[in-house]
Amino acid sequence: MSLGAHLVELRKRLMYAALALVVGMVVAFIVADPVIHFITEPIRIITEKRGDDFSALNFGTVTAAFDMRMRIAFSIGLFISAPVWLWQIWAFIMPGLTRKEIRYTIGFVVAAVPLFFAGCYLGVMIMPHVIELMWSFTPDGATNFYYAQEYYDFVFKLMIVIGVSFVLPVFLVALNLAGVMSGRAILKGWRIAIIIATVFAALATPAADVVSMLMLAGILIVLFFAAAGLSLIFDRRKRKRDEATGLLPDPV
1 MSLGAHLVEL
11 RKRLMYAALA
21 LVVGMVVAFI
31 VADPVIHFIT
41 EPIRIITEKR
51 GDDFSALNFG
61 TVTAAFDMRM
71 RIAFSIGLFI
81 SAPVWLWQIW
91 AFIMPGLTRK
101 EIRYTIGFVV
111 AAVPLFFAGC
121 YLGVMIMPHV
131 IELMWSFTPD
141 GATNFYYAQE
151 YYDFVFKLMI
161 VIGVSFVLPV
171 FLVALNLAGV
181 MSGRAILKGW
191 RIAIIIATVF
201 AALATPAADV
211 VSMLMLAGIL
221 IVLFFAAAGL
231 SLIFDRRKRK
241 RDEATGLLPD
251 PV
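Oh and the sequence shown: position 203 is 203 in our numbering, straight run, nothing missing.
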């Protein structure tokens with residue numbers, strides 16, 4: 001295909017992806033109320049524990065409520081339409097890939113997507129406990145005003161950060177398959193990986209929420225060792241293939 005044909009193909013794929021995103025946003029905008037009710041449940045729990053109506057979600061501008069709904073619609077619409085726009089990306093780049101690259105790419109997506117959503121789900125599960133824990137540090141006589149934009153940003157970023165952290169081990173396996181890092185090299189960095197996982201978990205969760213921190217750090221460490229184990233298995237298979245084809249030098 002010529003450059004012009006590639007650009008026409010890209011425009012068509014982008015249009016399909018954008019249309020799917022718009023449809024997903026419309027659906028998400030309609031169901032925004034249950035989502036808002038769910039993510040604001042910790043605020044209602046705090047209000048009940050206080051026995052007053054001062055702790056609440058606040059909208060500081062005229063358009064703040066609409067802006068929050070649009071943010072929710074975009075986020076959920078992006079997830080709902082993911083199969084469509086992922087397929088459009090794949091359909092655009094697939095003709096330029098070899099059979100081996102296609103197999104590796106499919107394996108990467110099959111492993112990364114469930115891990116990402118699992119991380120997002122864990123973030124949603126942790127979120128109420130984090131908010132309630134932070135509220136417990138509010139001194140007597142004070143109240144909590146949760147501004148809608150900051151509140152939603154906190155929830156959304158917590159989900160994304162934990163979701164992305166779950167995908168990082170898949171990148172390690174991808175680097176191994178690409179020949180950039182061996183399984184032994186990955187495993188050799190286990191001490192650094194444990195430190196990074198612990199520091200990341202401490203930053204992603206409140207300092208006083210030790211249980212959430214340990215749970216997140218433990219999951220990340222298990223994923224790291226799983227990636228290292230898979231890389232060692234792939235290295236062994238590659239070494240056996242090289243020995244069978246005579247690519248490795250004979251031992252002296």
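All C-beta atoms, glycine included, are put in the ideal place defined by N, C-alpha and C.
### Query
If you check the beta carbons only, do Asp235 and Arg184 fall under 9 Å apart?
As a first step, residue 235 must be located in the sequence shown, where it is residue number 235. As a first step, residue 184 must be located in the sequence shown, where it is residue number 184. The answer is yes: Cβ separation under 9 Å.
### Extent of the continuous beta strand (DSSP E) to which Ala56 belongs
In the sequence shown, residue 56 corresponds to position 56, counting from 1. Note, Ala56: beta strand (DSSP E), 56-58.
### Query
Among the residues of its own chain, which have a CB less than 7 Å from the CB of Phe74, if the five just before and after it don't count?
As a first step, residue 74 is located in the sequence shown; it is residue number 74 there, counting from the start. Sequence-distant partners of Phe74 (beyond 5 residues in either direction) whose C-beta falls short of 7 Å from its own C-beta, in its chain, are Met25.
### Task
Pull up the DSSP beta-bridge partners for Phe145, would you.
Working through the sequence shown from its first residue, we reach residue 145 at position 145. Its beta-bridge partners are Ala56.
### Message
On the DSSP letters alone, give me the boundaries of the alpha helix (DSSP H) that Phe117 sits inside.
### Response
Looking up residue 117 in the sequence shown gives position 117. 99-135 is the span of the alpha helix (DSSP H), which, as asked, contains Phe117.
### Message
Can you tell me whether Val31 is helix, strand or coil according to DSSP?
### Response
Reading the sequence shown from its first residue, position 31 is the one you call residue 31. Note: Val31 maps to coil in three-state DSSP.
### Query
Would you say Val22 faces chain D, with C-beta separation under 9 Å as the test?
Absent from the structure is chain D; it holds one protein chain and no more.
### Message
So, does the segment 85-96 touch the segment 137-154, judging by three or more C-beta pairs under 8 Å?
### Response
Because the criterion of three Cβ pairs below 8 Å is not met, the segment 85-96 and the segment 137-154 do not touch.
### Message
In the DSSP assignment, the alpha helix (DSSP H) including Met70 goes from what residue to what residue?
### Response
By 1-based counting over the sequence shown, the position of residue 70 is 70. From DSSP, the alpha helix (DSSP H) with Met70 extends over 64-80.
### Query
Does the beta-carbon distance from Tyr152 to Arg71 come in below 9 Å?
Within the sequence shown, the letter at position 152 stands for residue 152. Within the sequence shown, the letter at position 71 stands for residue 71. With contacts defined as CB atoms closer than 9 Å, Tyr152 and Arg71 qualify as a contacting pair.
### Task
State the DSSP-derived secondary structure class of Ala226, mapped to helix, strand or coil.
Against the sequence shown, residue 226 aligns to sequence position 226. Note: Ala226 maps to helix in three-state DSSP.
### Task
Could you check if Thr138 is buried or exposed, using at least 16 other CB atoms within 10 Å of its CB as the buried criterion?
Looking up residue 138 in the sequence shown gives position 138. It counts as exposed.
### Query
So, are the CB atoms of Phe166 and Phe116 less than 9 Å apart?
Numbered from 1 along the sequence shown, position 166 holds the residue referred to as residue 166. Numbered from 1 along the sequence shown, position 116 holds the residue referred to as residue 116. The answer is yes: Cβ separation under 9 Å.
### Query
Is Met181 helix, strand or coil when you go by DSSP?
As a first step, residue 181 is located in the sequence shown; it is residue number 181 there, counting from the start. Note: Met181 maps to coil in three-state DSSP.
### Task
With a 10 Å radius around its C-beta and 16 neighbouring C-beta atoms as the bar for buried, classify Asp250 as buried or exposed.
Taking the first residue of the sequence shown as 1, we reach residue 250 at position 250. For Asp250, the predicted structure reports a pLDDT of 49, less than 50, and the residue's modelled location is therefore unreliable. A value from the coordinates is still provided. By the neighbour-count rule (16 or more Cβ atoms within 10 Å), Asp250 is not buried but exposed.
### Task
Return the chain-ordered list of same chain residues with a C-beta closer than 6 Å to the C-beta of Ala148, the five sequence neighbours on each side being excluded.
If you number the sequence shown from 1, residue 148 lands on position 148. These residues qualify, in order along the chain: Leu57, Phe59, Ala64, Met68.
### Query
Whose C-beta lies closer than 6 Å to the C-beta of Ile76 among residues of the same chain, with five residues either side of it excluded?
Mapped onto the sequence shown, residue 76 falls at position 76. Only Ala28 meet the Cβ criterion.
### Task
Can you give me the Cβ contacts of Glu132 inside the same chain, cut-off strictly under 8 Å, excluding the 5 residues immediately before and after it?
Start at 1 with the first residue of the sequence shown, and residue 132 comes out as number 132. Within the same chain, Glu132 has close Cβ partners Pro42, Ile45, Ile46.
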